[in-house]
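S.K.: For the sequence shown, our numbering begins at 44 and goes up steadily by one. Note that the Cβ used here is the ideal one computed from N, Cα and C, for glycine as well.
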Amino acid sequence: MNKKHFLLPSIVAPLLVATSAHSTMITSTSNFFKQADGSNNSHSINIGVDATVIDVDVTVGYLKCDGTANSNKTCTSGGGWGTNTYNNELSFWLSHAGVTSSLIGGNQLSGSYSGNYVETIFDDEASAKASGSPSNGSFKPNSPLSGFDNKSSSGLWNLGFNDSAGGDPLAVYKLTLDITTNYDPIIDFLNFGNDLVVGNQIDFFADVDDRDGDSLLFEWDFDNDGIFEFSAQDLNIASHTFSDAGSQLVNFRVSDQYSTISSQLRLDIESIDVPEPAGIALFSLGILGLL
44 MNKKHFLLPS IVAPLLVATS AHSTMITSTS NFFKQADGSN NSHSINIGVD
94 ATVIDVDVTV GYLKCDGTAN SNKTCTSGGG WGTNTYNNEL SFWLSHAGVT
144 SSLIGGNQLS GSYSGNYVET IFDDEASAKA SGSPSNGSFK PNSPLSGFDN
194 KSSSGLWNLG FNDSAGGDPL AVYKLTLDIT TNYDPIIDFL NFGNDLVVGN
244 QIDFFADVDD RDGDSLLFEW DFDNDGIFEF SAQDLNIASH TFSDAGSQLV
294 NFRVSDQYST ISSQLRLDIE SIDVPEPAGI ALFSLGILGL L
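1) Buried or exposed, going by whether 16 or more other CB atoms sit within 10 Å of the CB of R296?
2) By DSSP, does F191 sit in helix, in strand, or in coil?
3) What separation, rounded to the nearest whole angstrom, lies between the Cα atoms of L137 and L308?
4) Assess contact between the stretch 206-216 and the stretch 92-100, defined as three or more Cβ pairs (one per stretch) separated by less than 8 Å. Is contact present?
5) In angstroms with no decimal places, state the Cα-to-Cα distance between F265 and E272.
6) What are the partner residues of R254, as DSSP defines its beta bridges?
7) Nearest-angstrom Cα distance between P228 and A275?
8) Quick one: using the 10 Å Cβ neighbour count with 16 as the cut-off for buried, is L51 buried or exposed?
9) For L233 and S306, which I take to be in contact (beta-carbon distance under 8 Å), what is that distance rounded to the nearest angstrom?
10) Kindly give me the distance between the Cβ atoms of S82 and D206, rounded to whole angstroms, as I take these residues to be in contact under 8 Å.
11) If you count every other CB in all the chains shown that lies within 10 Å of the CB of F75, and 16 or more means buried, which is it?
12) Specify the secondary structure class of N130 as computed by DSSP and reduced to three states.
13) Just verifying my parser: in three-state terms, what is the DSSP assignment at A79?
14) Given this structure, state the Cα-to-Cα distance separating A173 from C108, to the nearest angstrom.
15) Where do the ends of the beta strand (DSSP E) carrying N294 lie?
16) So the candidates are N179, A169, S144 and S290; which of them puts its Cα closest to the Cα of L239?
17) On the DSSP bridge assignment, give the partners of E262 in chain order.
18) Check I280 in the structure and name its three-state DSSP category.
19) Roughly how many whole angstroms lie between the Cα atoms of D100 and D255?
20) With H, G and I counted as helix, E and B as strand and the rest as coil, what does DSSP make of G209?
21) Assign I270 to one of two classes, buried (16 or more other C-beta atoms within 10 Å of its C-beta) or exposed (fewer than that).
22) When you compare the stretch 173-186 with the stretch 143-156, are there three or more beta-carbon pairs, one atom per stretch, that lie closer than 8 Å?
What follows is the structure in structure tokens.
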């Protein structure tokens, strides 16, 4: 006996979602006091939010001294303070999830006087890389921060810094991460309705949640050949008629602007039971009776 499968009344209507892409900004700031003087040092921020990275900006607050760096963002004279800071000695880099981006490379800056606390923003969209003495403002990193795109935001983000020669320390006081993220769509479940019989139209439904409220593309591959025959923007229902009986694998995927999530649904399609015409049956019985 064929079993009927029905869509739940609460999920008959199509899923309505926003019509434009959205994103979520994660901002984390750490204030500290660490130095490098003829050495490396580092400082990390742990991000506990698991989302897909789509953009990163980094702010570093620091100064370069000839003498002693103080915790209050000043320098104390040490035999000619302010004249021999050798800015070319400093370098910064950011690491996360197996990716490292150079923010300022060795010998990228120049000059021998600074002694002033600055906050430098590293942004792929800035117009130029940092040069000359340390300064405030937005600059391109030495290597793109886009290498973090499509990584999870969760985990340690590590700022490394180096001062290549002793006697004039690099002091770092602040790290800010501005991480623009996207939450992937979540497929809660797939469902179907109507009899699973050859030649019968079967309705399919995808219950999908998207935390960002993005516009979503729904796609269905009904014959498991890798070609998605049905595609619709912001429409989570589809229909298909199977011509062959047996086990059928249906592939489904949903995409926002940044990511694609997939799932599958296996159906057992039954053949049509064709009853024997009554006249033929009676004729057959009559022949059998004569034998």
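M.R.: On the basis of the supplied data:
1) For the purposes of this step, residue 296 is identified with residue 253 of the sequence shown, where counting begins at 1. Buried is the call here.
2) For the purposes of this step, residue 191 is taken as residue 148 along the sequence shown, with counting starting at 1. Residue state, collapsed to three classes: helix.
3) Taking the first residue of the sequence shown as 1, we reach residue 137 at position 94. Taking the first residue of the sequence shown as 1, we reach residue 308 at position 265. When rounded, the separation of the alpha-carbon atoms in L137 and L308 is 42 Å.
4) Under the three-pair Cβ rule at 8 Å, the stretch 206-216 does not count as touching the stretch 92-100.
5) To locate residue 265, count along the sequence shown from 1; it is residue 222. To locate residue 272, count along the sequence shown from 1; it is residue 229. Cα to Cα, F265 sits roughly 7 Å from E272.
6) Reading the sequence shown from its first residue, position 211 is the one you call residue 254. Listed as beta-bridge partners of R254 by DSSP are no residues whatsoever.
7) Position 185 of the sequence shown, counting from 1, holds the residue named residue 228. Position 232 of the sequence shown, counting from 1, holds the residue named residue 275. Those two C-alpha atoms are separated by around 16 Å.
8) The residue you call residue 51 lines up with position 8 of the sequence shown. Reliability of the predicted coordinates at L51 is poor, the pLDDT of 33 falling under 50, and the value obtained from them is presented with this limitation in mind. Counting C-beta atoms within 10 angstroms of its own C-beta, L51 has fewer than 16 neighbours from the protein chains shown and is therefore classed as exposed.
9) Position 190 of the sequence shown holds residue 233. Position 263 of the sequence shown holds residue 306. At roughly 6 Å, the Cβ-Cβ gap stays under 8 Å, so L233 and S306 are in contact.
10) By 1-based counting over the sequence shown, the position of residue 82 is 39. By 1-based counting over the sequence shown, the position of residue 206 is 163. Confirmed, Cβ separation roughly 7 Å.
11) Here the question's residue 75 lines up with position 32 in the sequence shown. When all chains shown are included, F75 counts as exposed.
12) In the sequence shown, counting from the first residue as 1, residue 130 sits at position 87. For N130, the secondary structure class from DSSP, reduced to helix, strand or coil, is helix.
13) Sequence index remark: in the sequence shown, residue 79 carries index 36 (1-based). Reduced to three states, the DSSP call for A79 is strand.
14) Translated into positions along the sequence shown, residue 173 becomes position 130. Translated into positions along the sequence shown, residue 108 becomes position 65. If I take the Cα positions, the gap works out to 19 Å.
15) Taking the first residue of the sequence shown as 1, we reach residue 294 at position 251. Per DSSP, N294 belongs to the beta strand (DSSP E) from G289 to S298.
16) Position 196 of the sequence shown, counting from 1, holds the residue named residue 239. Looking at the Cα atoms, S290 is the closest of the given residues.
17) Locating residue 262 in the sequence shown gives position 219, counting from the first residue. Residue pairing by DSSP places E262 opposite S274 and R296 in a beta bridge.
18) Looking up residue 280 in the sequence shown gives position 237. Three-state result, I280: strand.
19) Here residue 100 refers to the residue found at position 57 of the sequence shown. Here residue 255 refers to the residue found at position 212 of the sequence shown. Cα to Cα, the separation comes out at about 20 Å.
20) As a first step, residue 209 must be located in the sequence shown, where it is residue number 166. Three-state result, G209: coil.
21) Residue numbering aside, residue 270 sits at position 227 when the sequence shown is read from its first letter. Residue environment: I270 is assigned as exposed (fewer than 16 neighbouring CB atoms within 10 Å of its CB, all protein chains considered).
22) Two segments are said to touch when three or more pairs of C-beta atoms, one from each, lie closer than 8 Å; by this definition the stretch 173-186 touches the stretch 143-156.
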